[in-house]
Amino acid sequence: MQNNTFFGHYQPLPIIVLEAIASTNDYSKQLLTNFKPQIDFTAIMAKHQSQGRGQRGTTWLAPAHMNMTASFIYTPPSLSISKQFSLTIHTSLAVYDVIQNIVQDDVWIKWPNDIMVGKRKIAGILLENKISGHLIKTVIAGIGINIYQDKFDPEIAHKTTSLVLENSDINLTIMDLVKRVQSRLRYYQHIFEEEHFNSLLELYNSRLFLKGIDSPFIIDGTPTNGNIQGVDPDGMLSVSHNHGIQKYDLKDIIYQL
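In the numbering used here, the protein residues as written are 39 to 295.
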């Protein structure tokens, strides 16, 4: 039984449902180009997405009618490009809450914005921004959550999971999940007020995957054991290893799971 009251009693937000689309993020870009701005956290939801994208140019493949593939459009208030990591914190915390409320425990945020149950990925996020001058004008948060898929390709089966595999008693629709994500995105939008950033970065770090645990990585192309110390306000990952504590960007470090 999930605690549905956790998600509050906000007025419903717009949801556009598509039967099939190559990419909800690409559709969202076209929507923003051809029509007036959308209400914040409007969702573009696809029953089947054939060309979803993930971090590092990877693909997000999802069988039709089994998982959530949706994009959420919003305009952060006067957010400088230099503070764009707040977008990652904002979306990661929202998706974490939705999943943790269903799975209950052992849920983590894998830097920068994958959601893990144990050591298996259950959700991924792809943020794409439209820039105007030095400000981020519009955000498209593409979010994929594995819901009812219970079999995965052998190459990824050992490192991928779904809500139904973690909680066989779930009884919710993809639409339910979209609404829950919308609710938490709206809840965490106070991160864009400067006085709230540090406390939410601290919350993000408290949920960080493998933090404080000696773990194998590939750093600058070399296999290395390291210990994640946390994520800094600029979004860089601080890792302690035999060369001391150093900061890394996404392209410089790869988890070995």
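Glycine included, C-beta positions come from ideal geometry on N, C-alpha and C. No experiment lies behind these values; they were computed from the predicted model shown.
Quick check: does the Cβ of residue i come within less than 8 Å of any heavy atom belonging to the ligand ZN?
i, result
"residue 278", "For the structure depicted, the ligand ZN is absent and the ligand set is empty, with no information on it obtainable."
How many Å lie between residue i and residue j at the Cα?
i, j, result
"residue 85", "residue 55", "7 Å"
"residue 57", "residue 211", "15 Å"
"residue 142", "residue 214", "18 Å"
"residue 148", "residue 248", "8 Å"
"residue 41", "residue 171", "Per-residue confidence for residue 41 stands at a pLDDT of 44, beneath the threshold of 50, marking its modelled position as unreliable; no derived number is given."
"residue 62", "residue 150", "21 Å"
"residue 75", "residue 251", "44 Å"
For residue i, which three-state DSSP category applies?
i, result
"residue 120", "helix"
"residue 287", "coil"
"residue 238", "helix"
"residue 274", "coil"
"residue 85", "coil"
"residue 213", "helix"
Report back the beta-carbon spacing between residue i and residue j to the nearest angstrom; my notes put them in contact at under 8 Å.
i, j, result
"residue 105", "residue 183", "6 Å"
"residue 328", "residue 124", "Since the first residue of the chain shown is 39 and the last is 295, residue 328 is not available in this structure."
Bridge partners of residue i, per DSSP?
i, result
"residue 196", "DSSP output for residue 196 lists no bridge partner at all."
"residue 80", "111"
"residue 180", "109 and 164"
"residue 256", "261 and 292"
"residue 169", "174"
"residue 246", "147"
Query - At least 3 beta-carbon pairs within less than 8 Å: the region 125-135 vs the region 161-180 - result: yes
Query raised in the report: With contact counted as at least three CB pairs below 8 Å, one residue from each stretch, are the region 68-83 and the region 192-210 in contact?
Result: no
**Report entry** contact_flag[the region 184-203, the region 231-239] where n(CB pairs < 8 Å) is 3 or more
**Finding:** no
Query - Inter-stretch contact at 8 Å, needing at least 3 Cβ pairs: the region 186-200 / the region 215-231 - result: no
Requested in this report: Flag this pair as touching only if the region 256-264 and the region 273-287 have three or more C-beta atom pairs under 8 Å; answer yes or no.
Outcome: yes
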